[in-house]
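Heads up, the thing below is written out as C-alpha cells.
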Amino acid sequence: MARIKQSSIEEVRARVGLADFISNYVNLKKSGSALKGLSPFTHEKTPSFFVYPEKGFYYCFSTSQGGDLFKFAMIKENLNFPEAVEFIAKKYGIALEYDAGGGGVAPSLRKQLFDIHEDAANWYAERFFDDTPEAAEIRDYWLNERGFTLDDAKELRIGFAPVDSVGLKRLLASKKYTPEAIAASGIFSAREGERNIRNFYPRFRGRMMIPISDIQGRVIAFTARKTRFTPQIPSEEGKYVNSRDTEIFKKNLVVFNMDKAKNEAKEKNYCIVVEGQLDAIRMYCSGFKNTVATQGTAAGAEHFALMKRYANKVVLLFDGDSAGQHAALRVIPICFKAELEPFVVVIPDGDDPDSFIKKHGVDAMRELVENRRKTALSFAAKYVLADNPAPTPQDKRTAILSLFEMVAACPSRVLRDDYLREISTATITDYESLIADYARWSKASPQTRPDSENISEQDAENRGQGMLTNSIYDALMVALHYENVAEGLSQILDEAWIRGDSVEARTLRRLMALYREGVGFSVAEIDTSFEKNDEKNLIYRLSSEEKSTIENPIKYANECIRKIYKNFYAERLEALNRKLAESESSESGDTMEILKRISELRRESKTPPARIEEDA
17 MARIKQSSIE EVRARVGLAD FISNYVNLKK SGSALKGLSP FTHEKTPSFF VYPEKGFYYC
77 FSTSQGGDLF KFAMIKENLN FPEAVEFIAK KYGIALEYDA GGGGVAPSLR KQLFDIHEDA
137 ANWYAERFFD DTPEAAEIRD YWLNERGFTL DDAKELRIGF APVDSVGLKR LLASKKYTPE
197 AIAASGIFSA REGERNIRNF YPRFRGRMMI PISDIQGRVI AFTARKTRFT PQIPSEEGKY
257 VNSRDTEIFK KNLVVFNMDK AKNEAKEKNY CIVVEGQLDA IRMYCSGFKN TVATQGTAAG
317 AEHFALMKRY ANKVVLLFDG DSAGQHAALR VIPICFKAEL EPFVVVIPDG DDPDSFIKKH
377 GVDAMRELVE NRRKTALSFA AKYVLADNPA PTPQDKRTAI LSLFEMVAAC PSRVLRDDYL
437 REISTATITD YESLIADYAR WSKASPQTRP DSENISEQDA ENRGQGMLTN SIYDALMVAL
497 HYENVAEGLS QILDEAWIRG DSVEARTLRR LMALYREGVG FSVAEIDTSF EKNDEKNLIY
557 RLSSEEKSTI ENPIKYANEC IRKIYKNFYA ERLEALNRKL AESESSESGD TMEILKRISE
617 LRRESKTPPA RIEEDA
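Residue numbers (our numbering): 17 to 632.
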C-alpha cells in the first residue's frame, strides 16, 4: 500500500496549529506558557489537560499520557497513524503525496482511486432518482419490497448501475483520470495493457448499488445487488457482486457501516454485528446506529480489531438458522483474541435481522438486543449440547473440552474464570472440578494459552527489578529541558552507570545515546527517537514542567552524575560482598579473587567522576 511521503507529514505538522486542532475538542484557556482545559479522555471537573503549542505536544495529567498532533487525532477519532494524517490533511485542505509502494503503485494513483469512487457513487446515486422506467422500478423495490424510504436511500447513497454505463465512462474520462487508474478502480474491466477507455467493460450492470466506505467515510468500493435488469449471463448471475480488492479496498480489512456506526458504538461501548449489508442497513435505519457487518466474507481478526478501536463489547446478531448460530460460535474466539467481550442474540424462527424487524417490529428487536442477549459461553454451552438433551458423561466431557478451547482464546484471566463458572452452570458440573480439569488441559495444551499471559509474567518479573534512584529521574528531567546540559551529560555518563530496566533508566540511556551519536533530541522527534509508549509519556510529562524549577541546571546535573556514579559502585560492591559470603560458606576457593576485585572497586570508586564545566 502506498505510504504518505514524509515531506507531506511534516507539511501537515507545520501548517496545522496544535492548539487550533485540539480546540475543536477542548475549550482551552491560557495558563502561563501553556493552554489548559478539561481532559478530553476522562470525565473531570478540574482541568488537568495541558497543550504546549511552541513545543508541539500535549500532556494529560489525569491519564498520564501525552502526544503530538497526530497522536491526539488517533485517540479522539480512533484512527491509525496514516488515517490520522489523512484526516487532518482533509480537514485543513492539505494535499498529500504518496510514495510508490505495494508493488510499484504510482504516487498519484491512490488519490485518483478515492476520487473515482466518489464520482462513481454520485453518478450511481443520480441514476437511482432518474426519471426512467428502470430507475422507477429500482426505487419501487427499495420502497415497497425492502421497506426503506427515499431519505434512507439519500443518506446511504444508494444507487443504480444501468446496463449501459457509457455515461460513467464519459464522466471519468472528462475528469482526466488516467486509464491505469480507471482500470485499477475495479469499476471497469479491461484487457491487460488496454489504455482506450472506450474498450473498458463495466463490472456492474443493471444492479442496485450500495457504496462501501472506509472509516473516514470515503467511498472505496461497492456491493451490487442483482435486479430484473441484470444481464442473464453466467458471469453476472450472482445475487450480490462486490468490488474486487484494490489499492484502497481490502475486504478483509473493511467493516461495512463502521464509518457511520463508530460514534454510537463508542458511546454505547458495543457494536451490533450482523452478517450482511442489507441486514446492517435495516438495523441502522431502524435506529440501531451502532450496527456493522463484515464485508461479504467470513468474519476475521482484522474486522474485530477495527471494532475494538471503538468499543469493548460486541453483540453477534447472526441469522437464526443453524448456519448463523455456527458462525457465531466460530467468531467467539476471534472476539476474545481481539479483547472484545462477545454476546450472542439468537433470532427465533430462523429469521434474519431484516425479516425479523419486518415481522415483529423495532421494539421486538430492541428487546432481543438489549434484554435477551446471552453471554458467549452460555450460548456456546447450550449450542454444543443442543443435540443431547440427556447427555452422557462422555458427551458432556467432549462438549466441555470444546468450550475449553474457546475460553483459552480469552487473554483476561479474570474473564476466563467468569467463563469457566458459566460453563460449570450450563453443563451442571462442579466448579472446582471444572477448574482442575481446565488447569490439567491447559498444561497439556500450552499452545492454547494466550500470549499475553506469558508477557504479563515477564513484565511482572521486570517490574520487580532495578528500582531506580531519584538521581536518574532528575538527570533525565534536566537533560530534557537544557540541551547544553544534555550534551554534557552524554559525554560523562557511562551507559553502564545507569542501572535497572525501569522506564526512567531506559529513557535516559536512549537519550544519552542520541546525543553521543550527534543526533540530539526534540519533543517533535519523539516518535522517531523512541519506540515504547511508557518512555514517550515520561518525556511528555517531564517536558511539561517549567524550567524555573531548576535554579542552576549545570550544578544540578553534576550532582546527578555524582549520585549515579556512587550508586553504580555501591551496587557492584554489594553484589561482590554477597558473592564473597557465598564463597566463604562453600569454600570454593574463589575468596581471594573476590577480595582482590572488591579492593579494586573501592579504589575506583574514590576517583570522582568528571563534571560539566560551568561555561558549558
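Each residue gets a CB set at the ideal place from its N, CA and C atoms; glycine is no exception.
Hey, would you say residue i sits closer than 8 Å to residue j, going by beta carbons?
i	j	result
A327	K282	yes
L417	W457	yes
D367	G336	yes
F66	A50	yes
F320	A344	no
I297	M224	no
D489	E520	In the sequence as displayed, the identity of residue 489 is Tyr instead of Asp. Cβ atoms of Y489 and E520: closer than 8 Å.
E208	P178	no
A392	A442	no
V289	V331	yes
R219	G202	yes
V535	S559	no
N500	Q81	no
Residues in its own chain within less than 6 Å of residue i by CB, not counting five upstream and five downstream?
i	result
S190	none
E503	Y531
F334	E291, G340, A343, A344
With residue i as the anchor, note down where its beta strand (DSSP E) starts and where it stops.
i	result
Y75	73–76
P369	Not the beta strand (DSSP E): P369 falls in the alpha helix (DSSP H), residues 369–376.
V308	307–310
C287	286–290
F66	65–68
Alpha carbon to alpha carbon, how far is residue i from residue j?
i	j	result
N306	F145	28 Å
I640	K459	Examination of residue 640 is not possible in this model, given that the chain is present from 17 through 632 alone.
I348	K324	14 Å
D84	P63	19 Å
L450	V360	24 Å
D370	E161	12 Å
Y68	E102	23 Å
I628	L356	53 Å
Y498	T58	32 Å
H594	L509	It should be pointed out that residue 594 corresponds to Arg in this sequence rather than to His. About 27 Å.
L112	V271	25 Å
L159	N268	31 Å
Y585	S621	6 Å
R532	E547	19 Å
A495	A512	18 Å
P624	Q507	15 Å
V108	V385	Looking at the sequence itself, residue 108 is Tyr, so the reference to Val does not match. When rounded, the distance between both Cα atoms is 40 Å.
T239	A339	22 Å
T523	S47	28 Å
I639	F77	Because the chain in this structure spans residues 17 to 632, residue 639 falls outside the shown range and cannot be described.
S428	F352	9 Å
C576	N568	12 Å
I236	L172	14 Å
P247	G254	11 Å
L492	K52	25 Å
Tell me which same chain residues have a C-beta within less than 7 Å of the C-beta of residue i, skipping the five on either side of it?
i	result
I198	I132, L188, F204, I213, F216
C301	F164, D168
R432	V423, C426
S599	D606, T607, I610
N10	In this structure the chain extends from 17 to 632, so residue 10 is not present and cannot be described.
R437	Y447
From what residue to what residue does the alpha helix (DSSP H) around residue i run?
i	result
Y454	447–460
V32	Run containing V32: none; DSSP gives neither H nor E here.
V501	499–508
I132	125–144
A315	A315 -> no alpha helix (DSSP H), and no H or E assigned at all.
K185	182–190
E567	Premise fails: E567 is in no alpha helix (DSSP H) and is neither H nor E.
F8	A query on residue 8 cannot be resolved here, the shown segment of the chain reaching from 17 to 632 and no further.
Can you name the residues that DSSP bridges to residue i?
i	result
S47	A50
E357	K329
V257	A240
R223	A177, K242
T391	F359
Q81	C76
R19	D115
Y217	S205
M272	As written in the sequence, residue 272 is Phe, which differs from the Met given in the question. DSSP output for F272 lists A309 as bridge partner(s).
S229	V235
Residues in the same chain with beta-carbon distance under 8 Å from residue i, minus the five sequence neighbours each way, listed in chain order, please.
i	result
K612	none
Kindly say whether residue i, judged by its beta-carbon, lies nearer than 8 Å to any beta-carbon of chain B.
i	result
A321	Of the protein chains in this structure there is only one, and it is not chain B.
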